[in-house]
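For what it's worth, UniProt numbering labels the leading residue of the sequence shown as 1, then goes sequentially.
All C-beta atoms in this analysis are idealised placements derived from N, C-alpha and C, irrespective of residue type, glycine included.
This one's a predicted model, so the numbers in the text were calculated from it and none came from an experiment.
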Amino acid sequence: MSISESEADLPPNQTPSRANHPRPRGPAQRANALPPTYSRFAPPRSHYPAISSCRSVYAYKRLNHIEEGSYGVVFRAQDLETGDIVALKKLKLDEEKHGFPITSLREIMALMVCKHENVVGIREVVVGDTLTQVFIVMDFIEHDLKTLLTVMPTPFLISEIKTLVHQLLSAVAHCHANWVLHRDLKTSNLLMNNRGQIKVADFGLARKFGDPLGDMTQLVVTLWYRPPELLLGETVYSTAVDIWSVGCVFGELLLNEPLFQAKSEIDMLSLIFKLLGTPTEEIWPGFSKLPLVKTLNISSERRPTLHTKFPHVSDAGLDLLSRLLTYDPEQRITAEEALTHPYFRETPLPQHPDMFRSFPSLAAGEK
Ligand SMILES: Nc1ncnc2c1ncn2[C@@H]1O[C@H](COP(=O)(O)OP(=O)(O)OP(=O)(O)O)[C@@H](O)[C@H]1O
Ligand SMILES: [Mg+2]
1 MSISESEADL PPNQTPSRAN HPRPRGPAQR ANALPPTYSR FAPPRSHYPA ISSCRSVYAY
61 KRLNHIEEGS YGVVFRAQDL ETGDIVALKK LKLDEEKHGF PITSLREIMA LMVCKHENVV
121 GIREVVVGDT LTQVFIVMDF IEHDLKTLLT VMPTPFLISE IKTLVHQLLS AVAHCHANWV
181 LHRDLKTSNL LMNNRGQIKV ADFGLARKFG DPLGDMTQLV VTLWYRPPEL LLGETVYSTA
241 VDIWSVGCVF GELLLNEPLF QAKSEIDMLS LIFKLLGTPT EEIWPGFSKL PLVKTLNISS
301 ERRPTLHTKF PHVSDAGLDL LSRLLTYDPE QRITAEEALT HPYFRETPLP QHPDMFRSFP
361 SLAAGEK
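Here it is, written out as C-alpha cells:
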C-alpha cells in the first residue's frame, strides 16, 4: 500500500490498515516465516550486509499533505517508532520507463554528500509496495521562505536578513566544497524553522561538478533566479550559477518581493540589463562570444540602477549584492568569500537565530 494510492481515501491522520500485510500464521506460511529479528517495518537482511534494504513507508503515519512540486509530492508524517515528525517526499517515478531516474539519484546523493546544519537533513529512503513508490524522508521544517514572505505581517529586519543570507552562504559554500552544484536556489527551496535556521532543500536539479568542467544542460535554475550566462546559452558553467541565485534571494528578502519577475527569457535579460546596466566586453570578457548574444538587439547602453532600487540599503549591502550579481561568472564572488564580507560585521549585526520571531506553520496546518 502506498501513501499516494491506497491511502488516498483515508482521512489524512489515519494509519492505513495492515490487512493486506498479514504476518505468517499457519504451518504453510511458517515455512516462509521471517527470522525473529524481523521488524514489522524492515525487510529481512540480505546475504550481503553492505547492501541493506530500505524500510517501508508503513514506518510512518501520514499527517497532512504539504505541497506538490514538479518532481514530487511532499507530506508531513510521523515516525511510528520514535514519534518524530518528518517530511516525506514522494519521488515521481510513475512515467519512468528507463529505470530509476538520474534526477532522483542525484537528489539523494546530493542530500547525503552535503550534510550541514543549513541543509535539510535526509533521514532515509523508504519504499512502498511497487517500484514506483520511493520516498525521501527528511526532517520536517516549519516554513519555506516563499510562503513565509507572503504571510508574514511585517518584512524581515535587516539584522534577520543578514542571518538568513549568511546561513544560506554557509550551506552553498559547503555544497561547493563538496563538488555539488544546487542549480535551483530560490525562496521556495529554502526552508526555515521556528528557531531562525535556514535549511537548503530540493536538490532535484543538483549534480556533481568536476575539473575539467564538461558541458551541462542550460535548462536549470528557475527563470527568475537564472544567471545571465545561462540565459545567453553558456553550457560550461560552475558554482557561480548558484551565487547569482543567492543574489536574487538576497534582493528578494530586501524588497519583500522577487527581484526579477520576468515573463520570458528575453524579458529576464532586459530586467537584468535595466538593474545592472548593459554588459560589455570590457566588464565581462567573452560576453560578445556567448551563443545567444548575436540574436539580441542590445541597442542602448544603460547604467546600473541598483542604488535607486535599494535606497535604504547601506553601501556595504549594495557592494555585497553587486558582487553576488556580477555579470562575469569568473569575477562573481564565491560563497566562501562572501561569508567574510564587511556587510555581516557592520551594524545592525546579524540577529542571533534564537531571537527570531516564530510564525504559525502553514505546512503543519497551523493558522
Ligand atoms: N523537509 C521539509 N519540511 C517541510 N516542508 C518541506 C520539506 N521539503 C519540502 N517541503 C515543502 O514542499 C515544497 C516542495 O518541495 P521540493 O521543493 O523539495 O519539491 P519539488 O517537487 O522539487 O518542488 P518544485 O519543483 O516546486 O521546486 C517546498 O517548497 C516546501 O514548501
Ligand atoms: Mg522545490
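Original post:
In three-state terms, what does DSSP make of D79?
Top reply: In this structure, D79 counts as strand in the three-state DSSP scheme.
Original post:
For ligand 1, any of its heavy atoms closer than 7 Å to the Cβ of V120?
Top reply: True, at least one ligand heavy atom lies under 7 Å from that Cβ.
**OP:** Quick one: using the 10 Å Cβ neighbour count with 16 as the cut-off for buried, is M112 buried or exposed?
**Re:** Its Cβ having fewer than 16 others within 10 Å, M112 is exposed.
**OP:** State buried or exposed for A201, treating a residue as buried only when at least 16 other CB atoms are found within 10 Å of its CB.
**Re:** A201 sits buried, since 16 or more C-beta atoms from the chains shown fall within 10 Å of its C-beta.
Original post:
Residue range of the beta strand (DSSP E) that D139 falls in?
Top reply: Going by DSSP, D139 is part of the beta strand (DSSP E) stretching over V134 to D139.
Original post:
Is the CB-CB distance between A335 and I243 below 8 Å?
Top reply: If you check the CB distance, A335 and I243 come in under 8 Å.
**OP:** State the Cα-Cα distance for the pair L321 and G247, rounded to the nearest angstrom.
**Re:** Here the alpha carbons of G247 and L321 stand approximately 6 Å from one another.
Subject >> Outcome for H174 when other beta-carbon atoms lying within 10 angstroms are tallied against a minimum of 16 >> reply: Buried, since its Cβ has 16 or more Cβ neighbours within 10 Å.
Subject >> Nonlocal neighbours in the same chain, by C-beta distance under 7 Å from A31, ignoring five residues either side >> reply: Any reading at A31 must be qualified, since the residue scores a pLDDT of 47, below 50, and its modelled position is unreliable; the value itself is stated next. Here the set comprises nothing.
Original post:
Is the closest heavy atom of ligand 1 to the C-beta of N64 under 7 Å?
Top reply: Ligand 1 never approaches N64 closely enough for any of its heavy atoms to be under 7 Å from the residue's Cβ.
Subject >> Cβ-based neighbour list, L231, same chain, cut-off 7 Å, excluding 5 preceding and 5 following >> reply: Excluding sequence neighbours, L231 sits near E265, M268 and L269.
**OP:** Reducing DSSP to helix, strand and coil, say where D267 ends up.
**Re:** In this structure, D267 counts as helix in the three-state DSSP scheme.
Subject >> S53: CB within 7 Å of a non-hydrogen atom of ligand 2 >> reply: No - ligand 2 has no heavy atom lying nearer than 7 Å to the Cβ of S53.
**OP:** Express the C-alpha separation of F273 and R302 in angstroms, rounding to a whole number.
**Re:** Near 7 Å, if we compare the C-alpha coordinates of F273 and R302.
Original post:
Can we say the segment 149-163 touches the segment 93-106, given the rule of at least three CB pairs closer than 8 Å?
Top reply: Pairwise C-beta distances place the segment 149-163 out of contact with the segment 93-106, as fewer than three of them are shorter than 8 Å.
**OP:** Tell me, to the nearest whole angstrom, how far the beta carbon of L276 is from that of K309; I am working on the premise that it is less than 8 Å.
**Re:** That pair is no contact at about 10 Å.
Original post:
Which same chain residues, not among the five before or five after Q14, have their C-beta less than 6 Å away from its C-beta?
Top reply: Note that Q14 scores a pLDDT of 37, beneath 50, so its modelled location is shaky and nothing firm can be said.
**OP:** May I ask whether a heavy atom of ligand 2 can be found less than 7 Å away from the beta carbon of L297?
**Re:** First, the amino acid is wrong: residue 297 is Asn here, not Leu. Distances taken from the Cβ of N297 to the heavy atoms of ligand 2 include none shorter than 7 Å.
Original post:
Taking 7 Å as the cut-off, does the CB of D328 come closer than this to any heavy atom belonging to ligand 2?
Top reply: If you check the C-beta of D328 against ligand 2, you find no heavy atom less than 7 Å away.
**OP:** From the DSSP output, in three-state form, read off A87 for me.
**Re:** Collapsing the DSSP output to three states places A87 in a strand.
Subject >> Residue environment, K90, which counts as buried when at least 16 other CB atoms sit within 10 Å >> reply: So K90 counts as buried.
Original post:
So the alpha helix (DSSP H) K309 belongs to, where does it begin and stop?
Top reply: Here the alpha helix (DSSP H) through K309 covers L306 to K309.
**OP:** Leaving out five residues on either side along the sequence, give the residues of the same chain with a beta carbon under 8 Å from the beta carbon of L148.
**Re:** Answer for L148: M192 and F359, listed in chain order.
Subject >> Spatially closest choice to S170 from D79, R183, I198 and P153, by CA coordinates >> reply: By alpha-carbon distance to S170, the top candidate from D79, R183, I198 and P153 is I198.
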